[in-house]
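**Q** In the numbering used here, the protein residues as written are 875 to 1012. All C-beta atoms in this analysis are idealised placements derived from N, C-alpha and C, irrespective of residue type, glycine included. All values derive from a computational prediction rather than experimental measurement. Before we start, here is the structure in question, set down as structure tokens.
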């Protein structure tokens, strides 16, 4: 399976998790984990869907070794970061180590994405995409 599609599929799971979590927080009237909820929606759902879109639209970037490392590092870091954040927000600092390690690894994985885009997506690729996908028969 292509990595862009993998990013979309995992992103959709984060969307579901974020929605269920938000509904649960509202029903319970307990918003103490709103930071986790926000990260799941933005870093899990939105960012991963955008990574997937880039990798589908620009296959050279999506098929690179950097994309593979990005996918696995991101998907290792985000859940562990969220677990650590949840514990700290609930007043339990026992997993603070997760907040000292995994946000940094998440940033590293995004840096790999940025490097990948700069290396493997160029002006011609973007131009070709828009020229090939513009509906001119109105």
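1. Using the Cβ count rule (16 or more neighbours within 10 Å means buried), how would you classify residue 1012?
2. Use the C-beta contact count for residue 907: other C-beta atoms within 10 angstroms, 16 or more gives buried, fewer gives exposed.
3. When the Cα atoms are used, what is the spatial distance from residue 878 to residue 964?
4. From this set, 970, 883, 962 and 934, which residue's C-alpha is nearest residue 924's C-alpha?
5. Use the C-beta contact count for residue 951: other C-beta atoms within 10 angstroms, 16 or more gives buried, fewer gives exposed.
6. When DSSP labels each residue in this structure, what does residue 906 get in the three-state scheme?
**A** Per the coordinate set shown:
1. On the chain shown, position 138 is the one that residue 1012 refers to. Interpretation of residue 1012 is limited by its pLDDT of 49, a score under 50 that renders its predicted location unreliable; the figure taken from the coordinates is listed afterwards. Classification for residue 1012: exposed.
2. Your numbering for residue 907 matches position 33 in the chain shown. Flag for residue 907 reads buried.
3. In the chain shown, the residue the question calls residue 878 occupies position 4. In the chain shown, the residue the question calls residue 964 occupies position 90. Residue 878 and residue 964: Cα-Cα distance of roughly 34 Å.
4. Indexing the chain shown from 1 puts residue 924 at position 50. Closest by alpha carbon: 883.
5. Counting from one through the chain shown, the residue named residue 951 turns up at place 77. The residue in question, residue 951, is buried, as its Cβ has 16 or more Cβ neighbours within 10 Å.
6. In the chain shown, counting from the first residue as 1, residue 906 sits at position 32. It is coil, neither helix nor strand.
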